[in-house]
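**Q** Starting off with a structure, shown below.
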Amino acid sequence: MSKLLVKADKGHGRVAHVTPQSAGWTYVGFDLHRLKPGENASGKTGDCEVCLVFVTGKGKAEAGGQELGLLGERMSPFEGKPWSVYIPEGSDWSVTADTDLELAVCSAPGHGGGLPVRVIAPNDLGQEVRGKGTNTRYVTNILPEGKPADSLLVVEVITPGGHTSSYPPHKHDQDNLPAESYLEETYYHRLNPPQGFAFQRVYTDADKNGHRDLDEAMAIEDGDVVLVPKGYHPCAACHGYDLYYLNVMAGPKRTWKFYNAPEHEWLMKV
């Protein structure tokens with residue numbers, strides 16, 4: 040199995056756990072909690088900031104000493120928009136499930152920005168359609184660079200069956216602004232219906248001999264997490280199965296500036 044593929048556990052509790060140490064990088068952390076009604080997930084942000092994303096289900100949330108009430112409404116990631124909570128560094132948080140709940144915990148270094156805890160409601164989220172034809176996908180911006188945070192960028196994407204996404208292939212692995220930013224990234228994948236599969240490739244440019252420093256092609260199943268430490272990272276959803284993914288990105292500067300693979304950039308013009 041690819042070292043970039045993290046298989047979530049099938050049970051309950053914390054079923055996926057990615058840290059900068061386990062991923063071999065510096066910035067992005069990602070946890071997934073799958074809870075039954077009455078079960079609880081909690082944590083301390085420490086020197087990180089956190090974005091809680093209610094992928095599915097409802098739960099009562101507390102953060103930074105504040106009771107935030109019952110959050111969440113959708114029961115499938117393929118419908119509607121999520122509720123989320125931004126939590127700054129140096130804070131405690133807790134969520135108790137009211138229904139079956141899938142809670143993503145997205146984390147990255149805080150920089151002492153002094154930002155408050157805030158609930159991000161579905162009505163606060165912008166949506167956009169990217170691409171055309173079989174490269175069309177649907178994007179929900181949860182924590183884009185235009186909204187306050189120190190490091191985190193968080194976004195949801197739905198790719199219809201038979202379509203491609205994160206395509207034409209692009210990368211963001213060079214701290215070379217304004218042309219390109221360095222951002223580590225995780226993909227949390229769901230499929231509808233859940234027995235389906237999709238594909239993701241993570242690869243770098245070839246050298247003069249045609250060799251690539253990184254080239255991994257993965258079959259993605261429902262609940263998988265993919266690590267993108269560098270390189271291009273396109274996805275393909277198979278016919279009959281829609282693909283959802285939750286992206287978490289962070290790096291030394293909080294901006295998304297990507298570089299398209301030159302050999303495929305012609306696709307942007309057709």
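Following the working numbering, the numbering of the sequence shown begins with 40 at its first residue and continues without gaps.
Just so it is clear, CB atoms sit at the ideal spot from N, CA and C, and this is done for glycine as well.
Please read these numbers as outputs of a predicted model, since none were measured by experiment.
Can you give the Cα-Cα distance for Arg-176 and Gln-166, rounded to whole angstroms?
**A** Going by the C-alpha atoms only, they are around 11 Å apart.
**Q** Is Glu-304 helix, strand or coil when you go by DSSP?
**A** Of the three classes helix, strand and coil, the one that applies to Glu-304 here is helix, per DSSP.
**Q** Run through DSSP, which three-state label would Gly-98 get?
**A** Strand, per DSSP.
**Q** Ignore the nearest five residues each way along the sequence and tell me which others in Met-288's own chain have a CB closer than 6 Å to its CB.
**A** Only Leu-192, Leu-222 and Glu-224 meet the Cβ criterion.
**Q** Taking the C-alpha atoms as reference points, what is the distance between Pro-148 and Pro-59?
**A** Spanning the two alpha carbons is a distance of roughly 10 Å.
**Q** CB-CB under 7 Å to Asp-212, same chain, minus the five flanking residues each way: which ones, in chain order?
**A** Only Tyr-221, Lys-269 and Gly-270 meet the Cβ criterion.
**Q** If you draw a straight line from the alpha carbon of Lys-120 to that of Ser-204, how long is it in whole angstroms?
**A** Roughly 19 Å between the two C-alpha positions.
**Q** Once DSSP output is grouped into helix, strand and coil, what is the label at Thr-173?
**A** In this structure, Thr-173 counts as helix in the three-state DSSP scheme.
**Q** If you draw a straight line from the alpha carbon of Glu-218 to that of Gly-108, how long is it in whole angstroms?
**A** Per the sequence shown, the amino acid found at residue 218 is Ala instead of Glu. Roughly 42 Å separates the two Cα atoms.
**Q** In angstroms with no decimal places, state the Cα-to-Cα distance between Gly-103 and Arg-240.
**A** Whole-angstrom Cα-Cα distance: 39 Å.
**Q** If we call anything under 8 Å between Cβ atoms a contact, is Val-89 one with Ser-146?
**A** The answer is yes: Cβ separation under 8 Å.
**Q** What separation, rounded to the nearest whole angstrom, lies between the Cα atoms of Arg-251 and Ala-245?
**A** Whole-angstrom Cα-Cα distance: 5 Å.
**Q** If I measure Cβ to Cβ from Lys-292 and keep anything under 8 Å in the same chain, skipping five residues before and after, which residues do I get?
**A** Excluding residues within five positions, the ones whose Cβ falls inside 8 Å are Asp-214, Leu-216, Ser-220 and Tyr-221.
**Q** What do you get for Val-168, buried or exposed, if any count of 16 or more other CB atoms within 10 angstroms of its CB means buried?
**A** Exposed is the call here.
**Q** Specify the secondary structure class of Asn-162 as computed by DSSP and reduced to three states.
**A** Note: Asn-162 maps to helix in three-state DSSP.
**Q** Is the distance from the Cβ of Gly-201 to the Cβ of His-272 below 8 Å?
**A** Cβ distance not < 8 Å, so Gly-201 and His-272 don't count as in contact.
**Q** Whole angstroms is fine: what's the gap from Glu-118's alpha carbon to Pro-199's?
**A** Taking the straight line joining both Cα atoms gives about 13 Å.
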